[in-house]
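Peer 1:
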Amino acid sequence: MALAVLALASACSTAGPSVSDARIGLPAGPNAALYLTVVGGAEADSLVGADTSAARSVELHETTMNDDGTMGMSEVAAVEVPAGETVRLEPGGFHLMLVDVEPLVVGDEVDVTLTWEHGGDMTVTAEVVPAAEVMGG
Amino acid sequence: MAEPARGGTRRHWPILLLVLALSLVACGRDLTTGELEGVLVDPPSPKPSFVLYDTSGSPFDFVEETRGQLTLLYFGYLSCPDICPVHLAQIAEVFDRYPDIARETKVVFVSVDPGRDTPEEIRSYLDAIDTRFIGLTGSQSELEAAQDAAGVPPATFVGDGDDYTVNHAAWVIAFAPDDLNHSIYPFGTRQTEWSNDLQVLSTMGRS
Numbered sequence: 208m209a210l211a212v213l214a215l216a217s218a219c220s221t222a223g224p225s226v227s228d229a230r231i232g233l234p235a236g237p238n239a240a241l242y243l244t245v246v247g248g249a250e251a252d253s254l255v256g257a258d259t260s261a262a263r264s265v266e267l268h269e270t271t272m273n274d275d276g277t278m279g280m281s282e283v284a285a286v287e288v289p290a291g292e293t294v295r296l297e298p299g300g301f302h303l304m305l306v307d308v309e310p311l312v313v314g315d316e317v318d319v320t321l322t323w324e325h326g327g328d329m330t331v332t333a334e335v336v337p338a339a340e341v342m343g344g
Numbered sequence: 007m008a009e010p011a012r013g014g015t016r017r018h019w020p021i022l023l024l025v026l027a028l029s030l031v032a033c034g035r036d037l038t039t040g041e042l043e044g045v046l047v048d049p050p051s052p053k054p055s056f057v058l059y060d061t062s063g064s065p066f067d068f069v070e071e072t073r074g075q076l077t078l079l080y081f082g083y084l085s086c087p088d089i090c091p092v093h094l095a096q097i098a099e100v101f102d103r104y105p106d107i108a109r110e111t112k113v114v115f116v117s118v119d120p121g122r123d124t125p126e127e128i129r130s131y132l133d134a135i136d137t138r139f140i141g142l143t144g145s146q147s148e149l150e151a152a153q154d155a156a157g158v159p160p161a162t163f164v165g166d167g168d169d170y171t172v173n174h175a176a177w178v179i180a181f182a183p184d185d186l187n188h189s190i191y192p193f194g195t196r197q198t199e200w201s202n203d204l205q206v207l208s209t210m211g212r213s
């Protein structure tokens, strides 16, 4: 029985996407951006929502460049993660916006629940890092 | 046979390090390519003429207040979590590495979101990034005039209520001490590029 549960658990962990490098740039204003790396599992899935007790709400955003060269961000319904592929939520692309985030300091750890279209809820811990570090130099 | 050779190499290390350290000191700051790595503005353009208000409410005449100084001009807004704080923090990080350049550079952040960003909030936002940065605001029409003078597309607002977002020019406009704009820096500019270009720009227009 225990073996069966273990086998099931390990099957589940490889079927869906896995998340690493979750980090929040230390915010200066009311909102913060959370970045992370997703590696798709055996089956494609889509990130469709997120929530945390550390913010009023969490929105999936994409930053895009407009025709006139200005940049803006818009809310998206989902971030698709194809099977086996790596998708990075990174500055200038996708991010999770923590709206009206609570005061944070570098080193804080924030639990965020990610909701997947097929995989359901997954809780990840994001570390607060200096804003100058989110781009990697 | 290998033992004496290794010993010899070890003995030379302190001398090599000393020579390296001395050559860095002789260069003054750090090694640069001597060339700008940002997006070049050709021909270089003059400083835009506009007057806005700083976070203490005093009028700030951009040309007068920054004359003869390395100046970085950026238009953004406080609710922006992705582009603005990262772009500004990259500069602040390089300032920490080059205090002499930080001392002679003015970073001017113009909030293009007068509907939400108060002078007090702009000050506390910038203080969280770098207390040396100057924050400006004004009326919607004054801000549009400043963006027009600076040659950037005016910011536009998308969405309703308090949760609207702002499309804005996300590049930093750099003016050397000769008061000319030689280069701009789109979002994504690396700290190594800033390190190089701030050093190159700081010498332009100096005899």
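Residue numbers (our numbering), protein chains in the order written: chain P, 208 to 344; chain A, 7 to 213. Ideal placement from N, C-alpha and C gives every residue a C-beta, glycine not left out.
Can you check whether the CB of A339/P is closer than 8 Å to the CB of A229/P?
Peer 2: For the purposes of this step, residue 229/P is taken as the residue at position 22 of the first sequence. For the purposes of this step, residue 339/P is taken as the residue at position 132 of the first sequence. Going by C-beta atoms, A229/P is not nearer than 8 Å to A339/P.
Peer 1: Tell me, which residues are paired with E334/P by DSSP?
Peer 2: Translated into positions along the first sequence, residue 334/P becomes position 127. According to DSSP, E334/P bridges with R230/P and E316/P.
Peer 1: Assuming the contact rule is C-beta atoms closer than 8 Å, G314/P and S85/A should be a hit. Round their C-beta distance to whole Å, please.
Peer 2: Residue mapping note: residue 314/P aligns to position 107 of the first sequence, counting from 1. Residue mapping note: residue 85/A aligns to position 79 of the second sequence, counting from 1. With a Cβ gap of about 24 Å, G314/P and S85/A do not count as contacting.
Peer 1: For the region 329-340 of chain P, which residues have a beta carbon sitting closer than 8 Å to at least one beta carbon of chain A?
Peer 2: Listed by position, the residues of the region 329-340 of chain P near chain A (Cβ gap below 8 Å) are P337, A338 and A339.
Peer 1: Compute the Euclidean distance between the alpha carbons of V206/A and V288/P, then round it to the nearest angstrom.
Peer 2: Translated into positions along the second sequence, residue 206/A becomes position 200. Translated into positions along the first sequence, residue 288/P becomes position 81. In a straight line, the C-alpha of V206/A is about 43 Å away from that of V288/P.
Peer 1: Which two residues bound the contiguous alpha helix (DSSP H) that contains F68/A?
Peer 2: Counted from its first residue, the second sequence places residue 68/A at position 62. Segment F68 to E71, the alpha helix (DSSP H) holding F68/A.
Peer 1: From the beta carbon of Q205/A, is the nearest beta carbon of chain P less than 8 Å away?
Peer 2: Here residue 205/A corresponds to residue number 199 of the second sequence, with the count starting at 1. So no, Q205/A is outside the interface.
Peer 1: Sort V100/A, T38/A and A176/A by Cα distance to S117/A and report the nearest one.
Peer 2: Here the question's residue 117/A lines up with position 111 in the second sequence. Closest option to S117/A, Cα to Cα, is A176/A.
Peer 1: Can you tell which of Y242/P, G299/P, A251/P and D307/P has its C-alpha closest to the C-alpha of G326/P?
Peer 2: Translated into the one-based positions of the first sequence, residue 326/P becomes position 119. Nearest C-alpha to G326/P: A251/P.
Peer 1: Please report whether the beta-carbon of F139/A lies at a distance below 8 Å from any beta-carbon of chain P.
Peer 2: In the second sequence, the residue the question calls residue 139/A occupies position 133. Taking Cβ atoms only, chain P never reaches closer than 8 Å to F139/A, which makes this a no.
Peer 1: Whose Cβ in chain B lies nearer than 7 Å to the Cβ of N202/A?
Peer 2: This model lacks chain B altogether; the protein chains it does include are P and A.
Peer 1: Only counting the same chain, and skipping five residues up and downstream in sequence, which positions put a Cβ closer than 6 Å to that of L94/A?
Peer 2: Within the second sequence, residue 94/A is the residue found at index 88, counting from 1. So the list reads I135, once near-sequence residues are dropped.
Peer 1: Given that D275/P touches chain A, what residues does it touch there, using C-beta distances under 7 Å?
Peer 2: As a working note, residue 275/P is residue 68 in the first sequence. Under the 7 Å cutoff, chain A gives P159.
Peer 1: Would you kindly check if the distance between the Cβ of P183/A and the Cβ of L76/A is under 8 Å?
Peer 2: Counted from its first residue, the second sequence places residue 76/A at position 70. Counted from its first residue, the second sequence places residue 183/A at position 177. Going by C-beta atoms, L76/A is nearer than 8 Å to P183/A.
Peer 1: Alpha carbon to alpha carbon, what distance is there between P52/A and M304/P?
Peer 2: Counting from 1 along the first sequence, the entry for residue 304/P is found at position 97. Counting from 1 along the second sequence, the entry for residue 52/A is found at position 46. In a straight line, the C-alpha of M304/P is about 37 Å away from that of P52/A.
Peer 1: Could you name the residues that DSSP lists as bridge partners for K112/A?
Peer 2: Against the second sequence, residue 112/A aligns to sequence position 106. Answer is T77/A.
Peer 1: Can you tell me whether N187/A is helix, strand or coil according to DSSP?
Peer 2: As a working note, residue 187/A is residue 181 in the second sequence. N187/A: strand per DSSP, three-state reduction.
Peer 1: Going along the chain, which unbroken runs of the beta strand (DSSP E) with 3 or more residues stay wholly within the region 87-164 of chain A?
Peer 2: List check, beta strand (DSSP E) in window: 111-117, 140-143 and 162-164.
Peer 1: Go ahead and pull the three-state DSSP assignment for G256/P.
Peer 2: As a working mapping, residue 256/P is identified with position 49 in the first sequence. Three-state result, G256/P: strand.
Peer 1: L110/A to Y59/A, Cα distance in whole Å?
Peer 2: Locating residue 110/A in the second sequence gives position 104, where the first residue counts as 1. Locating residue 59/A in the second sequence gives position 53, where the first residue counts as 1. Contrary to the premise, residue 110/A reads as Glu rather than Leu in this sequence. When rounded, the distance between both Cα atoms is 21 Å.
Peer 1: Below 8 Å CB to CB, which residues in the same chain sit around V172/A once its five sequence neighbours on both sides are set aside?
Peer 2: Your numbering for residue 172/A matches position 166 in the second sequence. These residues qualify, in order along the chain: Y83, S85, C86, V118, D119, A161, T162, F163 and V164.
Peer 1: If we count the other Cβ atoms within 10 Å of its Cβ and call it buried at 16 or more, is I157/A buried or exposed?
Peer 2: Position 151 of the second sequence, counted from the start, is the residue given in the question as residue 157/A. The identity of residue 157/A in the sequence shown is Gly, whereas the question assumes Ile. Label assigned to G157/A: exposed.
Peer 1: Going along chain P in order, which residues have a C-beta closer than 9 Å to the C-beta of L84/A?
Peer 2: What you label residue 84/A is simply residue 78 of the second sequence in a count that begins at 1. Simply A235, G236, P237 and N238.
Peer 1: Can you give the Cα-Cα distance for F66/A and V57/A, rounded to whole angstroms?
Peer 2: On the second sequence, position 60 is the one that residue 66/A refers to. On the second sequence, position 51 is the one that residue 57/A refers to. Computed Cα separation, rounded: 5 Å.
Peer 1: Inspect the CB distances between the region 38-48 of chain A and the region 251-271 of chain P and report whether three or more fall short of 8 Å.
Peer 2: Short answer: they don't touch.
Peer 1: Can you give me the Cβ contacts of L336/P inside the same chain, cut-off strictly under 6 Å, excluding the 5 residues immediately before and after it?
Peer 2: Looking up residue 336/P in the first sequence gives position 129. What sits at residue 336/P in the sequence shown is Val, not Leu. Around V336/P: R230.
Peer 1: List the DSSP bridge partners of L58/A.
Peer 2: Position 52 of the second sequence, counting from 1, holds the residue named residue 58/A. Note: L58/A sits in a beta bridge opposite F66/A.
Peer 1: How should L30/A be labelled, buried or exposed, when 16 other C-beta atoms within 10 angstroms of its C-beta is the threshold for buried?
Peer 2: Indexing the second sequence from 1 puts residue 30/A at position 24. Because the pLDDT of L30/A is 48, which lies under 50, any placement of that residue in the model is unreliable, and the number read from its coordinates should be weighed accordingly. With fewer than 16 Cβ atoms within 10 Å of its Cβ, L30/A is classed as exposed.
Peer 1: Let me know if D123/A comes out buried or exposed under the rule of 16 or more other beta-carbons within 10 Å of its beta-carbon.
Peer 2: Numbered from its first residue, the second sequence carries residue 123/A at position 117. Result: buried.
Peer 1: Which value, in whole angstroms, describes the spacing of the CA atoms of Q146/A and V308/P?
Peer 2: Sequence index remark: in the second sequence, residue 146/A carries index 140 (1-based). Sequence index remark: in the first sequence, residue 308/P carries index 101 (1-based). Going from the Cα of Q146/A to the Cα of V308/P covers about 27 Å.
Peer 1: Say whether chain A places a C-beta atom closer than 8 Å to the C-beta of T270/P.
Peer 2: Position 63 of the first sequence, counting from 1, holds the residue named residue 270/P. Yes, its Cβ sits closer than 8 Å to a Cβ of chain A.
Peer 1: F189/A and G44/A: beta carbons closer than 8 Å?
Peer 2: To locate residue 189/A, count along the second sequence from 1; it is residue 183. To locate residue 44/A, count along the second sequence from 1; it is residue 38. The sequence shown places Ser at residue 189/A, not Phe. Cβ atoms of S189/A and G44/A: closer than 8 Å.
Peer 1: Relative to the C-alpha of G256/P, which residue among E324/P, D274/P, Y242/P and V246/P is closest?
Peer 2: Locating residue 256/P in the first sequence gives position 49, counting from the first residue. Of the listed residues, the one whose Cα sits closest to G256/P is E324/P.
Peer 1: How far does the alpha helix (DSSP H) with S201/A in it reach, from first residue to last?
Peer 2: For the purposes of this step, residue 201/A is taken as the residue at position 195 of the second sequence. First-last of the alpha helix (DSSP H) with S201/A: Q197 to T209.
Peer 1: Nearest-angstrom Cα distance between N5/A and G211/A?
Peer 2: What is shown of chain A runs 7 to 213, which leaves residue 5/A out entirely.
Peer 1: Inspect the beta-carbon positions of L149/A and V113/A and report whether they are closer than 8 Å.
Peer 2: Taking the first residue of the second sequence as 1, we reach residue 149/A at position 143. Taking the first residue of the second sequence as 1, we reach residue 113/A at position 107. Contact: no.
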